[in-house]
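**Student:** Per full-length UniProt numbering, the sequence shown starts with residue 1, numbered consecutively. Glycine residues also receive a C-beta, built at the ideal position from the N, C-alpha and C atoms. Keep in mind that this is a model prediction, so the values were computed, not measured.
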Amino acid sequence: MAGHSKWANIKFRKGVQDAKRGKIFTKLIREITVAARMGGGDESTNPRLRDAVKKALSANMKRDTIDNAIKRGVGGLDGEAMVAMRYEGYGPGGIAVLVDCLSDNKNRTVSEVRHAFTKNGGNLGTDGSVSYLFSNQGEILMAPGQSEDLVMELAIEAGASDVSVDDGQIEVITPVEAYHSVLNVLQNADLEIEQSHLTMRAQTMIAVDDETAQSLIKLIDMLEDLDDVQEVYSNAEFSENLLESMN
């Protein structure tokens, strides 16, 4: 099936994020708490919570810590009142950027996000200015060497919307509601999955030159360093040469 692959770009971003693991637990706990508050504390009926818990377990967070975050979200424990918010803007080269935040102080958060955009040659936009360029979807990246035919057959049957192959590596795209079903089917077939997550996926990727990419990466890094920022998405596609030079 047709479709572009973001494999190299995703792996690059994951590598950058892994280097910032010192802040990951705080952000994961916030995400679990808000997911539980918005959709309830039952992982089986709350896809956002289930995904947040999966990420926390992958980061070696203790189950007691996860359970306390869920209890805090559903009102079982006292804690900060975190609110989810999204900011939209343009980075260098007019690249669309989405910033998902969890914060107990909106004024502080918007000020810090705006400063990051301004300092790095971008500008903060209004609600809806770039979000229409993205879709909320699941991404499942298969480990190298998996059977393309088997993955495609199982994934499409389970509700995947697209399966693409780039240099032998397979990417499965799903609607949010089918994400966990597809993931479970692939895992139950003993297929190896390298990475999976719910994400805001750009409908069309925009290739950027290396100079623009360097400026954009500085913006994304500064945003990700903010305590209130959970995720940063863009529609930029970095060149293979740049990715290789930075890994």
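Three-state secondary structure (DSSP) at A158?
**Tutor:** helix
**Student:** Does the separation of the CB atoms of A96 and V130 fall below 8 Å?
**Tutor:** yes
**Student:** For M82 and D228, what's the separation of their Cα atoms in angstroms?
**Tutor:** 10 Å
**Student:** State the Cα-Cα distance for the pair T118 and S103, rounded to the nearest angstrom.
**Tutor:** 21 Å
**Student:** Within 10 angstroms of the Cβ of Q137, are there 16 or more other Cβ atoms? Answer buried if so, exposed if not.
**Tutor:** buried
**Student:** Taking C-beta to C-beta, are L49 and A35 nearer than 8 Å?
**Tutor:** yes
**Student:** Smallest Cα separation from S164: which of E139, Y87, Q230?
**Tutor:** E139
**Student:** Extract the residue ranges of the alpha helix (DSSP H) inside the region 43 to 130, only unbroken runs of 4 or more that lie entirely within it.
**Tutor:** 47 to 58, 63 to 73, 106 to 119
**Student:** Could you give the first and the last residue of the continuous alpha helix (DSSP H) run that contains Q187?
**Tutor:** 179 to 188
**Student:** If you draw a straight line from the C-alpha of H4 to the C-alpha of L133, how long is it?
**Tutor:** Any reading at H4 must be qualified, since the residue scores a pLDDT of 39, below 50, and its modelled position is unreliable; the value itself is stated next. For H4 and L133, the distance between alpha carbons rounds to 15 Å.
**Student:** Does the region 168 to 175 touch the region 203 to 223, meaning 3 or more C-beta pairs lie closer than 8 Å?
**Tutor:** no
**Student:** Can you name the residues that DSSP bridges to V165?
**Tutor:** DSSP lists I170 as the bridge partner or partners of V165.
**Student:** From this set, G125, F238, E112, which residue's C-alpha is nearest L98's C-alpha?
**Tutor:** When only C-alpha atoms are compared, the closest one is G125.
**Student:** Excluding the 5 residues preceding and the 5 following L226 in the sequence, name in chain order all residues of the same chain whose CB lies nearer than 6 Å to its CB.
**Tutor:** E112
**Student:** To the nearest angstrom, how far is the alpha carbon of A8 from that of N105?
**Tutor:** Residue confidence is low: A8 scores 45 on pLDDT, short of 50, so the model does not pin down where it sits. Its coordinate-derived value is still stated next. Cα to Cα, A8 sits roughly 35 Å from N105.
**Student:** Grouping DSSP H, G and I as helix and E and B as strand, with all else coil, what is M205?
**Tutor:** coil
**Student:** Taking 8 Å as the cut-off, decide whether the C-beta atoms of N120 and P144 are in contact.
**Tutor:** Not in contact: N120 and P144 (Cβ atoms no closer than 8 Å).
**Student:** Once you ignore the five residues that flank A56 on each side, which residues in its own chain have a CB closer than 7 Å to its CB?
**Tutor:** L28, I32, I66
**Student:** Could you tell me the alpha carbon to alpha carbon distance between R108 and R63, rounded to whole angstroms?
**Tutor:** 31 Å
**Student:** So what's L242 in DSSP terms, helix, strand or just coil?
**Tutor:** helix
**Student:** Measure the alpha-carbon distance for S215 versus G75 and round it to whole angstroms.
**Tutor:** 42 Å
**Student:** Grab the span of the beta strand (DSSP E) containing Q137 for me, first residue to last.
**Tutor:** Its beta strand (DSSP E) spans residues 134 to 142.
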